[in-house]
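Peer 1: Heads up: the sequence lines are chains A and B, in that order.
Heads up: the first sequence begins at 1 in my numbering, then just goes up one per residue.
Heads up: the second sequence begins at 1 in my numbering, then just goes up one per residue.
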Amino acid sequence: MTRHSLDFHPALRVLHWLIALAVLAMLFIGVGMVSTAGPLYPALLALHRPIGIVILVLVLIRLPLRLATGAPALPHNLAPLQKRIAAGSHILLYAAMIGMPLIGWAMLSAGSYPVLVVNGFTLPPILPHDLALYALLREAHTVVALLFFALILGHLAAALAHGLVRRDGVLRSMTLGHATAQPIEKTAASPASYDDAVDPVTVSVDKRTRVASDDA
Amino acid sequence: MSSDRRVPIGPFALIGAIILLLLAAFAWAAGWIGRQRINGGDVIAALDYNGGKHAGYRRAHAKGLCFSGTFAANGAGAALSVAQAFARGSYPVIGRFSIAGGNPLAGDGRNVFHSMALLLNTPDGQQWRMAMDHTPIFPVADVASFVALQRATRPDAETGKPDPAVMEPFLAAHPEVKAFQDYMAKAVLPDSFANATYYSINAFGFTDRTGTARLVRWQFVPEATLTGLDKASLDQLPRDYLFREMIARTAKGSSRWRLQLVVANVGDVTDKATVAWTGPHRTIDAGTLTIRAVSPEEAGACRDLNFDPTILPVGIGLSDDPLLAARSKSYSSSFSRRAAEGAGPSAAGEHLRVETAR
Numbered sequence: 001m002t003r004h005s006l007d008f009h010p011a012l013r014v015l016h017w018l019i020a021l022a023v024l025a026m027l028f029i030g031v032g033m034v035s036t037a038g039p040l041y042p043a044l045l046a047l048h049r050p051i052g053i054v055i056l057v058l059v060l061i062r063l064p065l066r067l068a069t070g071a072p073a074l075p076h077n078l079a080p081l082q083k084r085i086a087a088g089s090h091i092l093l094y095a096a097m098i099g100m101p102l103i104g105w106a107m108l109s110a111g112s113y114p115v116l117v118v119n120g121f122t123l124p125p126i127l128p129h130d131l132a133l134y135a136l137l138r139e140a141h142t143v144v145a146l147l148f149f150a151l152i153l154g155h156l157a158a159a160l161a162h163g164l165v166r167r168d169g170v171l172r173s174m175t176l177g178h179a180t181a182q183p184i185e186k187t188a189a190s191p192a193s194y195d196d197a198v199d200p201v202t203v204s205v206d207k208r209t210r211v212a213s214d215d216a
Numbered sequence: 001m002s003s004d005r006r007v008p009i010g011p012f013a014l015i016g017a018i019i020l021l022l023l024a025a026f027a028w029a030a031g032w033i034g035r036q037r038i039n040g041g042d043v044i045a046a047l048d049y050n051g052g053k054h055a056g057y058r059r060a061h062a063k064g065l066c067f068s069g070t071f072a073a074n075g076a077g078a079a080l081s082v083a084q085a086f087a088r089g090s091y092p093v094i095g096r097f098s099i100a101g102g103n104p105l106a107g108d109g110r111n112v113f114h115s116m117a118l119l120l121n122t123p124d125g126q127q128w129r130m131a132m133d134h135t136p137i138f139p140v141a142d143v144a145s146f147v148a149l150q151r152a153t154r155p156d157a158e159t160g161k162p163d164p165a166v167m168e169p170f171l172a173a174h175p176e177v178k179a180f181q182d183y184m185a186k187a188v189l190p191d192s193f194a195n196a197t198y199y200s201i202n203a204f205g206f207t208d209r210t211g212t213a214r215l216v217r218w219q220f221v222p223e224a225t226l227t228g229l230d231k232a233s234l235d236q237l238p239r240d241y242l243f244r245e246m247i248a249r250t251a252k253g254s255s256r257w258r259l260q261l262v263v264a265n266v267g268d269v270t271d272k273a274t275v276a277w278t279g280p281h282r283t284i285d286a287g288t289l290t291i292r293a294v295s296p297e298e299a300g301a302c303r304d305l306n307f308d309p310t311i312l313p314v315g316i317g318l319s320d321d322p323l324l325a326a327r328s329k330s331y332s333s334s335f336s337r338r339a340a341e342g343a344g345p346s347a348a349g350e351h352l353r354v355e356t357a358r
């Protein structure tokens, strides 16, 4: 085990950034394609569906991995309300990541559109043909997308505040990680003192104070 | 923040700048800021402006009749495209006859598009949707001109005709619309949905099994002989003449069309639906469309479908014609709106109710 308890599992970190890139691209493609009746519309639409399905697949790998490997504890000096907001926003982010592709898929099904992914590969409908349902889901796809983008901006601002203002190692836990960024410390300290600490919070506070300059 | 160090302005400013930059980029992508774009809603607004808003109906070609039948491919089309629809065999189709305009109860005595929409299913799970008109050309080549056309041709409340003060400068700026009007004035206006030729309007990219790509327009040529309505007495035609004629005709027997695939010659205009392809062309007869049953939209399978002509099987793709994107987006906007509004009764459905009550 090279994973440090202060960091997310390396696979989770890779998935996080892959999905972050794909989701941001999707939100921009989505609002872009509905903004025009020009030739960009079919071109963006042809990207929108496969990327959406890729996100769904990636997040369905990521969620069980996240549940199995857990998340590093937030700094003990973070206000309880902030911790609750962090936990809640992460649940909402997962809900949006899973929900948006499913709403899109369901919406196309209810509109009796072929759910064309790429090059003739179509997915089966997941809802019956029903225009009222289509209208509802079409609206939901837009509303949830805008809320998702707002949530992402909040998530990004909070992550940057951890990294640039608080410098508490929270941002690093989803980027390079502490173990790889601090090879000297790793050899200096016994691994047991991180992973098997009786009071990991105390250990991490001490550590996070020292790694702080790294996030700047 | 529980940090007891001084509040760092620099990092906060940086974070704020990053968030604002993303917000601005998003607003630009969405078209909320920056250069004005024409979207589907703008096309719908222009159509509603022209013909009045008819909630619950297609914003164009609102008056329609569903049909079902088969397409029997003879295999010859496989020379142009790998689409399964061209492999020898018989494939189910559903579709919709319609007449131009946003009013679902408008009279049939108008010199406007008579149209056929088709949805062809093949066993490989793919779909080919088509939306065709009885003219080989379209009045405009791009979405901006389409919006301008709808605005310019709004009928005056008193005369029922477009305002000449608006129309004259519009036609001067759009010779292609003038050419289309001249064509429509001379062309035979079919007196039945069954004897009209229906054209693909746009060119599409066909790809054969060797990967060779060709630009193709197609047409469904009727077995029935074309006869026209008397254009001088169109206002005396019963309101639903064409629809009742097609219902009565189909009760007696089926109607047939040959699908002809027309391959572009070098030099043919492929990105402007306003320009016809003239002279000899390589033309392939790909099979026979047979329509066996018609039904009002209330009872048929066509009403709740979007006949988006960009829904294509592998082997058929878009061309460089920008009108295809405009049609796709506009149809989608129309579809979403009427889905939310809830469907209303159709003209053909009214007759059905009267006849059932009898």
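Positions of the beta carbon are idealized from the N, C-alpha and C atoms, including for glycine.
Given residue 223(B), which residues of its chain have a CB within under 6 Å of its CB, disregarding the five upstream and five downstream residues?
Peer 2: Closer than 6 Å at Cβ, skipping near neighbours: 256.
Peer 1: Residue 93(B) lies in the beta strand (DSSP E); which residues open and close that run?
Peer 2: Looking at the DSSP string, the run of the beta strand (DSSP E) that includes residue 93(B) is 89 to 99.
Peer 1: Just curious, the alpha helix (DSSP H) that residue 98(A) is in, first and last residue?
Peer 2: From DSSP, the alpha helix (DSSP H) with residue 98(A) extends over 80 to 110.
Peer 1: Considering only residues of the same chain and omitting the five flanking positions on each side of residue 341(B), which have a CB-CB separation below 7 Å?
Peer 2: Correct list, in chain order: 55 and 56.
Peer 1: Using 8 Å as the threshold, is the C-beta distance between residue 187(B) and residue 166(B) below it?
Peer 2: Cβ atoms of residue 187(B) and residue 166(B): not closer than 8 Å.
Peer 1: Among residues of its own chain, excluding the 5 on either side of residue 89(A), which ones have a beta-carbon nearer than 7 Å to its beta-carbon?
Peer 2: Hits under 7 Å: 151, 154 and 155.
Peer 1: Given that a residue counts as buried once 16 or more other Cβ atoms are within 10 Å of its Cβ, and exposed if not, what is residue 49(B)?
Peer 2: Exposed: under 16 other Cβ atoms inside 10 Å.
Peer 1: Once you ignore the five residues that flank residue 53(A) on each side, which residues in its own chain have a CB closer than 7 Å to its CB?
Peer 2: Here the set comprises 101 and 117.
Peer 1: So which of 244(B), 331(B) and 121(B) has the shortest CA-CA distance to residue 347(B)?
Peer 2: Ranking the options by Cα distance to residue 347(B), first place goes to 244(B).
Peer 1: What would DSSP say about residue 312(B), mapped onto helix, strand or coil?
Peer 2: Coil.
Peer 1: What is the DSSP secondary structure of residue 48(A), reduced to helix, strand or coil?
Peer 2: The answer is helix: DSSP assigns residue 48(A) an H, G or I state.
Peer 1: Please classify residue 176(B) as buried or exposed, where buried requires at least 16 other C-beta atoms within 10 Å of its C-beta.
Peer 2: When all chains shown are included, residue 176(B) counts as buried.
Peer 1: CA-CA distance, residue 147(B) and residue 236(B)?
Peer 2: One C-alpha to the other measures close to 31 Å.
Peer 1: Going by the beta-carbon positions, is the gap between residue 131(A) and residue 304(B) smaller than 8 Å?
Peer 2: Their beta carbons are under 8 Å apart, which means residue 131(A) touches residue 304(B) by this criterion.
Peer 1: For chain A, find out if any of its Cβ atoms is closer than 8 Å to the Cβ of residue 140(B); answer yes or no.
Peer 2: For residue 140(B), the answer is no, since every Cβ of chain A falls outside 8 Å of its Cβ.
Peer 1: Is it the case that the region 61 to 75 of chain A contacts the region 164 to 171 of chain A, given that we only count it when at least three CB pairs across the two stretches are under 8 Å?
Peer 2: Yes, the region 164 to 171 of chain A is in contact with the region 61 to 75 of chain A.
Peer 1: What number of angstroms, rounded off, separates the C-alpha of residue 228(B) from the C-alpha of residue 86(B)?
Peer 2: Going from the Cα of residue 228(B) to the Cα of residue 86(B) covers about 32 Å.
Peer 1: Output needed for residue 28(B): all residues of its chain with C-beta closer than 6 Å, excluding positions within five of it in sequence on either side, in chain order.
Peer 2: Only 34 meet the Cβ criterion.
Peer 1: How would you label residue 124(A), buried or exposed, when you count the other beta carbons within 10 angstroms and need 16 or more for buried?
Peer 2: With fewer than 16 Cβ atoms within 10 Å of its Cβ, residue 124(A) is classed as exposed.
Peer 1: List, in order along the chain, the chain A residues whose C-beta lies closer than 9 Å to that of residue 330(B)?
Peer 2: Near residue 330(B) (Cβ distances below 9 Å), the residues of chain A are 37.
Peer 1: Which partner residues of residue 222(B) appear in the DSSP bridge assignment?
Peer 2: Bridge partners of residue 222(B): 257(B).
Peer 1: Indicate whether the contact test is met: 3 or more Cβ pairs, each with one atom in the region 114 to 130 of chain B and one in the region 75 to 89 of chain B, closer than 8 Å.
Peer 2: These segments touch.
Peer 1: Taking Cβ-Cβ distances below 8 Å as the criterion, which residues of the region 149 to 164 of chain A are in contact with chain B?
Peer 2: Residues 149, 153, 156, 157, 160, 161 and 164.
Peer 1: Would you kindly report the start and end of the unbroken alpha helix (DSSP H) that includes residue 307(B)?
Peer 2: Premise fails: residue 307(B) is in no alpha helix (DSSP H) and is neither H nor E.
Peer 1: Nearest-angstrom Cα distance between residue 267(B) and residue 320(B)?
Peer 2: Each residue's Cα considered, the two are about 14 Å apart.
Peer 1: Which bits of chain B does residue 175(A) rub up against, with CB to CB less than 9 Å?
Peer 2: Those within 9 Å of residue 175(A) in chain B number zero; the least Cβ separation is about 15 Å.
Peer 1: For residue 58(B), which residues from the same chain have a beta carbon less than 7 Å from its beta carbon, with the 5 sequence-adjacent residues on both sides left out?
Peer 2: So the qualifying residues of the chain are 334 and 338.
Peer 1: Would you identify the three-state DSSP class for residue 130(A), choosing helix, strand or coil?
Peer 2: Coil, per DSSP.
Peer 1: List in chain order: all unbroken beta strand (DSSP E) runs of 3+ residues lying wholly within the region 57 to 85 of chain B.
Peer 2: If we require 3 residues or more, the beta strand (DSSP E) runs fully inside the region 57 to 85 of chain B come out as 63 to 73.
Peer 1: Tell me the DSSP bridge mates of residue 121(A)?
Peer 2: 118(A), per the DSSP bridge assignment.
Peer 1: Distance cutoff 8 Å, beta carbons only. Does residue 305(B) sit that close to anything in chain A?
Peer 2: Closer than 8 Å: yes.
Peer 1: Tell me, to the nearest whole angstrom, how far the beta carbon of residue 27(A) is from that of residue 149(A); I am working on the premise that it is less than 8 Å.
Peer 2: Right, the Cβ-Cβ distance comes to about 5 Å (below 8 Å), so this counts as a contact.
Peer 1: Using a Cβ cut-off of 7 Å, pull out every chain B residue sitting near residue 135(A), in sequence order please.
Peer 2: Simply 336, 339 and 340.
Peer 1: Rounded to a whole number of angstroms, what is the C-alpha to C-alpha distance between residue 37(A) and residue 36(B)?
Peer 2: Computed Cα separation, rounded: 12 Å.
Peer 1: Measure the alpha-carbon distance for residue 41(B) versus residue 31(B) and round it to whole angstroms.
Peer 2: Distance between the alpha carbons of residue 41(B) and residue 31(B) is about 13 Å.
Peer 1: With 16 as the cutoff for other CB atoms within 10 Å, does residue 168(B) come out buried or exposed?
Peer 2: Per the 10 Å Cβ criterion, exposed.
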